[in-house]
Amino acid sequence: MKILVIDDDKSVRYMLKEICDFAGWEAIACSNGIEGVEQFVKNEIDVVLVDFHMPEMDGLMTVHEIRKLSSEVPILVLTVDERQEIADRFLAGGATDFALKPIKAPDLICRIQLHKRLFEATKTKDDVFVTKGMSQTTLSHVSVFLQSCSQPCTIAEITEEVGLAYPTVYRCLVHLIQTEKVRKIVSYQKIGRPKHLYQWI
């Protein structure tokens, strides 16, 4: 398996290459998004690891550029920023998953293995939405659950009930909102940040 590593921190690039070597994978390391996109074009990449904060081209721009080249390859964002709005921006931009820094080798290896298996599985299915990276079956699970709900739900509630990963549910909801089947409702709380709720129209 070939992993594209994009991070401006030399020590992080070294660590990620060591993790890939340990797992028996080939790692191509780049110090910025521009170089990373160039290497993506030149190589058959199986999984992309991209840092959020980088000069010249940040992680979000890099995700956008790679998604123009491939709608399917798994892209894992590496970040110390746990804010929900950051996660939403990356997921909307095409990221597949997140790994929080400092990176833990067992967690990262498991995430890469999982998304590689999912990637290979979706390539064998005829019902894949190529541009959305989700299957008809997955979309149906989310749709049926929302139609059965009498009250708006949070992503966490939907994720727990349908048994799918957060990024997958998020992409389904974005698609359903764009096709005007689901509405997003902002619920303002007395304490804390407002909640985003989703309801079948």
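Note that our numbering numbers the sequence shown so that position 27 is 48, with each residue one more than the last.
Ideal Cβ placement from N, Cα and C applies to all residues, glycine included.
Just so it is clear, the structure is predicted and the values come from calculations on it, not from any experiment.
- Listed in chain order, the non-local C-beta contacts of VAL84 below 6 Å within the same chain comprise ILE96, GLY114, GLY115, ALA116, local neighbours out to five positions each way being set aside.
- Fully contained in the stretch 101–139 are the following alpha helix (DSSP H) runs of length 4 or more, in chain order: 105–114.
- Apart from the 5 residues on each side of it in sequence, PRO173 sits with its Cβ closer than 8 Å to the Cβ of ILE206, SER208, LEU218, TYR219, GLN220 in its chain, given in chain order.
- Take CYS51, set aside five residues on each side of it, and the residues of its chain with a beta-carbon closer than 6 Å to its own are ILE27, GLY57, GLN60, in chain order.
- Taking C-beta atoms as the reference points, ALA126 and ILE212 fail to come closer than 9 Å.
- Apart from sequence neighbours up to five positions away, the residues of its chain that approach ARG88 with a beta-carbon distance below 6 Å are GLY115, ordered along the chain.
- Apart from the 5 residues on each side of it in sequence, GLU47 sits with its Cβ closer than 6 Å to the Cβ of LYS23 in its chain, given in chain order.
- With fewer than 16 other CB atoms across the displayed protein chains lying within 10 angstroms of its CB, PHE43 is exposed.
- For ALA44, the enclosing alpha helix (DSSP H) begins and ends at 31–44.
- If you ignore the 5 residues before and after VAL163, its C-beta comes within less than 8 Å of the C-beta of ILE179, VAL183, LEU185, VAL190, CYS193, LEU194, LEU197, all in its own chain and listed in chain order.
- The three-state reading of DSSP puts CYS51 in strand, counting E and B together.
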